[in-house]
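Residues are numbered in the working numbering as their position in the sequence shown, beginning at 1, plus a constant of 592.
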Amino acid sequence: MEHINIKKLAVGSRQLAIDKKIQKTKNMKMKTNIYITLGILIGTLSFCNAGTIHVVTTTQDTKSIAEIIGGNKIDVFAIATGYQNPHFVDPKPSYIIKLANADLFVTLGLDLESGWSPSLLTSSKNRKIQKGSDGYVDASLGVSLMQVPSSINRAEGDIHIFGNPHYWLDPLNGKVIARNICDGLEKISPENKTLFEANLKIFDDQIDLKMKAWSAAMASFKGAKVIAYHNEWCYFENRFGLKIVDFMEPKPGIPPTPTQLVKIIKEVKENNIKVIIRSEERRVGKECRSRW
593 MEHINIKKLA VGSRQLAIDK KIQKTKNMKM KTNIYITLGI LIGTLSFCNA GTIHVVTTTQ
653 DTKSIAEIIG GNKIDVFAIA TGYQNPHFVD PKPSYIIKLA NADLFVTLGL DLESGWSPSL
713 LTSSKNRKIQ KGSDGYVDAS LGVSLMQVPS SINRAEGDIH IFGNPHYWLD PLNGKVIARN
773 ICDGLEKISP ENKTLFEANL KIFDDQIDLK MKAWSAAMAS FKGAKVIAYH NEWCYFENRF
833 GLKIVDFMEP KPGIPPTPTQ LVKIIKEVKE NNIKVIIRSE ERRVGKECRS RW
C-alpha cells in the first residue's frame, strides 16, 4: 500500500493556492493596464475631436450639402439612406445615440419626416437640437412652396398640410437649403463664419454653373407631357417646363389600382406620352434613382 505524506501534500496545496493568487494578481494588473491604455486612447481621440461639430441630417441630400458648407470643421451622419423613402424610416437606437451627441440637426421639414423624426429627437434628450434651439435647422425655410392645401381631407390620400415637401428636386432650392445650413452652423460656431460663408459661395456658384448645363439638357423636354408615379415632381416640373398630366397613384400614397392603370394607358395613347417618371426606393445595395 502506498503511503501518503500528509505534510508534503499540505505544503503542495498551499503552494498551488499561492501560485493561483499570484497569477490572478498578474491578470488583474494586466487588465488594469489595458483599461488604462484604452482610457488614454479614448481620451486622446475625444480631445482630437473636441473641436469637431457633429451634425445629423434626415437625408443624404442634406448631408451632402452640409459637408460642403462645413468642410473639415464638421462630421455628418444621415439617418435615411439613399434608397429609403424619407416618409417612412424605422427608428433605431443607434439613431438616438447619434442625436444625443449631435451639435446640429438638419430636417427637410414640412411634415415629410413627421412619422419618425420628432420621436427620435425627443428620445435623444439633447436640448441643443430640439425644435426652436440654435442647433435645429429646418432646411425648408425660405422655399417658395407649391401645392399648399386650402383644406385638409384625409380621404384625398397622403396630403401634406404645409405644401408639397419635395422641394429639393428643384436644383435651385439647393441654394436655399445651403443657406439654412450655413446659418445654423454659424449660430453654434460663429468663429468659423468666414469659412462657412466662403464654402457657401463656392456651392452657390457651382449650382449656377450646373443649372446652365441642366437647363440646356432639358430644353428639348420643355412642354412635354409626362406621367409621374407619385406627386413629388412639381418643383422639378416647374423648373424645367414639363407638364405632368396624371399620376400612377390614384391618390397620394395609394398604390395604383386596376382602374387607375386603365386610365393611365388611355392617357398615354391619347397624348402620345413617352415619359413616366418615378423615384425608385430599393433595398440594400440599390441606389435611389429616376428612370426616364
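Using N, Cα and C, we set each Cβ at its ideal position, and we do this for glycine too.
Per DSSP, reduced to three states, the secondary structure at residue 781 is coil, with no helix or strand assignment. Cα atoms of residue 846 and residue 838: separation of roughly 14 Å, rounded to the nearest angstrom.
A contact between stretches requires three or more CB pairs, one per stretch, nearer than 8 Å, and the region 645–664 meets this requirement with the region 690–705. Assigned with DSSP and collapsed to three states, residue 801 falls in helix. Distance from residue 867 to residue 818 at the Cβ level is roughly 4 Å; contact confirmed, criterion being Cβ atoms closer than 8 Å.
The DSSP assignment places complete alpha helix (DSSP H) segments of no fewer than 4 residues inside the region 785–870 at 785–810, 826–832 and 850–863, in order along the chain. A buried status is given to residue 770, since no fewer than 16 other beta-carbon atoms sit within 10 Å of its beta-carbon. Per DSSP, the continuous beta strand (DSSP E) segment holding residue 728 begins and ends at 728–730. Membership of residue 694 in any alpha helix (DSSP H) is not indicated, and neither H nor E is assigned to it by DSSP. When only Cα atoms are considered, residue 848 and residue 823 end up about 13 Å apart. Shown here, residue 667 sits in a strand according to DSSP, grouped into three states.
Sequence-distant Cβ neighbours of residue 776 in its own chain, meaning closer than 8 Å and more than five residues away, are 696, 698, 726, 727, 728 and 729. For the 8 Å CB-CB criterion, residue 767 and residue 796 form a contact. In the structure shown, residue 735 adopts coil according to DSSP, grouped into three states. Proximity of the region 701–721 to the region 787–802 falls short of the contact definition, fewer than three beta-carbon pairs being nearer than 8 Å. About 7 Å separates the beta carbon of residue 666 from that of residue 658, a gap short enough to meet the 8 Å contact definition. Between residue 853 and residue 803, the C-beta spacing is not below 8 Å. The residues 755, in chain order, have a CB closer than 6 Å to that of residue 740 in the same chain once the five nearest residues on each side in sequence are set aside. Excluding sequence positions up to five before and after residue 814, its CB lies within less than 8 Å of the CB of 832, 833 and 834, all in the same chain and listed in chain order. Bounds of the alpha helix (DSSP H) holding residue 654 are 652–662.
Cβ-Cβ distances below 8 Å link residue 734 to 768, 771 and 772 in the same chain, with the five nearest sequence neighbours on each side left out; the list follows chain order.
Residue 674 and residue 655 have their C-alpha atoms spaced approximately 11 Å apart.
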